[in-house]
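First to last, the protein sequences are chains W and L.
Going by the numbering used here, the first sequence opens with residue 8, and the numbers climb by one from there.
Going by the numbering used here, the second sequence opens with residue 8, and the numbers climb by one from there.
Glycine included, every Cβ here is placed at the ideal spot set by N, Cα and C.
Number of protein chains: 2
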Amino acid sequence: MNNSQLYKGSLTTIILKLLEENGRMYGYEMTRKVKEMTADEVTINEGALYPALHKLEAEGLLTVEVVPAGNRLRKYYTITPKGQTETVDRLAELEAFVEHMRILLAPKVTFG
Amino acid sequence: MNNSQLYKGSLTTIILKLLEENGRMYGYEMTRKVKEMTADEVTINEGALYPALHKLEAEGLLTVEVVPAGNRLRKYYTITPKGQTETVDRLAELEAFVEHMRILLAPKVTFG
DNA sequence: ACTTGATACATTAGAATCTGAGGTATATAT
DNA sequence: ATATATACCTCAGATTCTAATGTATCAAGT
Chain W
8 MNNSQLYKGS
18 LTTIILKLLE
28 ENGRMYGYEM
38 TRKVKEMTAD
48 EVTINEGALY
58 PALHKLEAEG
68 LLTVEVVPAG
78 NRLRKYYTIT
88 PKGQTETVDR
98 LAELEAFVEH
108 MRILLAPKVT
118 FG
Chain L
8 MNNSQLYKGS
18 LTTIILKLLE
28 ENGRMYGYEM
38 TRKVKEMTAD
48 EVTINEGALY
58 PALHKLEAEG
68 LLTVEVVPAG
78 NRLRKYYTIT
88 PKGQTETVDR
98 LAELEAFVEH
108 MRILLAPKVT
118 FG
């Protein structure tokens with residue numbers, strides 16, 4: 008996800024939020040959606056996405072439903088109640104992170 | 008650094024910014040400073056800090072100066088011109104990251 | 001004298017997450 | 001035929017971190 012290490016750890020939060028907003032989505036759809044929302048600036052690597060989805064499902068934060076789409080298969084994911092609670096926590100963590108970064112990286116105040 | 012994965016990748020940016028603001032500092036001093044600035048909410052793990060300092064030095068972003076303090080030794084780090092350029096880039100990356108997270112995680116707008 | 005806590009550096013095993021590459025298969029457009 | 005898009009997947013290796021452990025000095029309390 009981009010050439011910055013900062014995005015590390017944010018993927019699962021993004022997945023949870025996408026599902027909370029859009030009801031149910033499949034993996035490939037998430038990669039398109041994120042690209043679209045950020046004007047191609049954030050691209051989810053599939054090598055990160057699929058293991059992350061499997062892990063969230065194993066943790067009971069998502070449920071999966073395999074649906075035929077033409078001759079292909081799609082795995083639609085839906086957020087669970089536990090996943091919704093987790094999403095609230097993740098968003099709070101992100102807010103705290105941003106606030107801490109603001110404190111630590113605030114530009115020097117100068118008068119000149 | 009905290010119980011959130013979000014901080015992963017931000018340590019070197021914090022180090023660079025601290026040195027840019029404070030001239031020169033030694034490792035242990037950085038851990039105290041960050042704790043103080045964030046009211047104990049962000050604590051730098053020394054197992055992460057020292058390897059990070061060594062790496063930044065190896066990359067030419069910092070220089071080190073060993074200074075006796077009583078009977079102990081302190082390793083004072085100073086940012087190099089290359090480090091200053093890097094800091095500018097890192098801060099821009101952080102701003103982009105925050106903006107992207109804002110787009111992706113923005114709360115649903117409702118009227119009710 | 002002994003212990004605790006602070007100061008100040010460091011390494012290391014293992015965990016977590018990611019990148020980049022590669023793989024399988026279907027469908028559509030050129 | 002070939003390329004591009006769709007749709008899933010795995011895996012080696014890299015990076016960065018946590019938690020534990022280690023060394024050593026020094027001050028303060030008991």
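- request: Identify, in the order they occur along the chain, each residue of the same chain with its Cβ nearer than 7 Å to the Cβ of V73/L, setting aside the five sequence neighbours on each side.
  value: Position 66 of the second sequence, counting from 1, holds the residue named residue 73/L. Excluding positions up to five away in sequence, the list reads L80, K82.
query: Using a Cβ cut-off of 7 Å, which residues of the region 80-113 of chain L contact any Cβ in chain W, in chain order?
result: L98, E100, L101, F104, V105, H107, M108, I110, L111, L112
message: I want to verify the contact list: residues of chain L whose CB lies under 7 Å from the CB of Y14/W, in sequence order.
response: Residue numbering aside, residue 14/W sits at position 7 when the first sequence is read from its first letter. Counting only Cβ-Cβ distances below 7 Å, Y14/W has contacts in chain L at F104, in chain order.
query: Buried or exposed: V95/W, going by 16 or more other Cβ atoms within 10 Å of its Cβ?
result: Walking along the first sequence from the start, residue 95/W turns up at place 88. Classification for V95/W: exposed.
- prompt: Would DSSP call E48/W helix, strand or coil?
  reply: By 1-based counting over the first sequence, the position of residue 48/W is 41. Coil, per DSSP.
field: C-alpha distance - A99/W paired with P58/W, whole-angstrom precision
entry: Here residue 99/W refers to the residue found at position 92 of the first sequence. Here residue 58/W refers to the residue found at position 51 of the first sequence. Distance between the alpha carbons of A99/W and P58/W: 24 Å.
query: Are the Cβ atoms of V111/W and K24/L separated by less than 8 Å?
result: Taking the first sequence and counting its residues from 1, one reaches residue 111/W at position 104. Taking the second sequence and counting its residues from 1, one reaches residue 24/L at position 17. First, the residue type needs correcting, since residue 111/W is Leu and not Val in the sequence shown. Yes.
query: Taking 8 Å as the CB-CB limit, is K42/L close to chain W?
result: In the second sequence, residue 42/L corresponds to position 35, counting from 1. It does not; no Cβ of chain W falls within 8 Å.
message: List, from N- to C-terminal side, the beta strand (DSSP E) runs of 3 residues or more that fit wholly inside the region 29-87 of chain L.
response: 31-33, 69-76, 79-86
message: Residues in the same chain with beta-carbon distance under 6 Å from T38/W, minus the five sequence neighbours each way, listed in chain order, please.
response: The residue given as residue 38/W occupies position 31 in the first sequence. Excluding positions up to five away in sequence, the list reads I51.
- request: Please work out which residues of its chain come closer than 7 Å, Cβ to Cβ, to G34/W, disregarding the five sequence neighbours upstream and downstream, and give them in chain order.
  value: Position 27 of the first sequence, counted from the first residue, corresponds to residue 34/W. The residues are L56, Y57, L60, K82.
Within chain W, partners of I21/L - CB distance below 9 Å: Walking along the second sequence from the start, residue 21/L turns up at place 14. Those within 9 Å of I21/L in chain W are M108, L111, L112.
message: Contact criterion: CB-CB distance below 8 Å. Does E66/W meet it with respect to chain L?
response: As a working mapping, residue 66/W is identified with position 59 in the first sequence. By this cut-off, E66/W is not an interface position.
- prompt: Got a sec: is the Cβ-Cβ distance from T38/L to anything in chain W below 8 Å?
  reply: Position 31 of the second sequence, counted from the first residue, corresponds to residue 38/L. No, no contact with chain W.
query: Using a C-beta to C-beta distance shorter than 9 Å, which residues of chain L count as neighbours of E53/W?
result: Here residue 53/W refers to the residue found at position 46 of the first sequence. Neighbours of E53/W on chain L: none; closest Cβ ~18 Å, over 9 Å.
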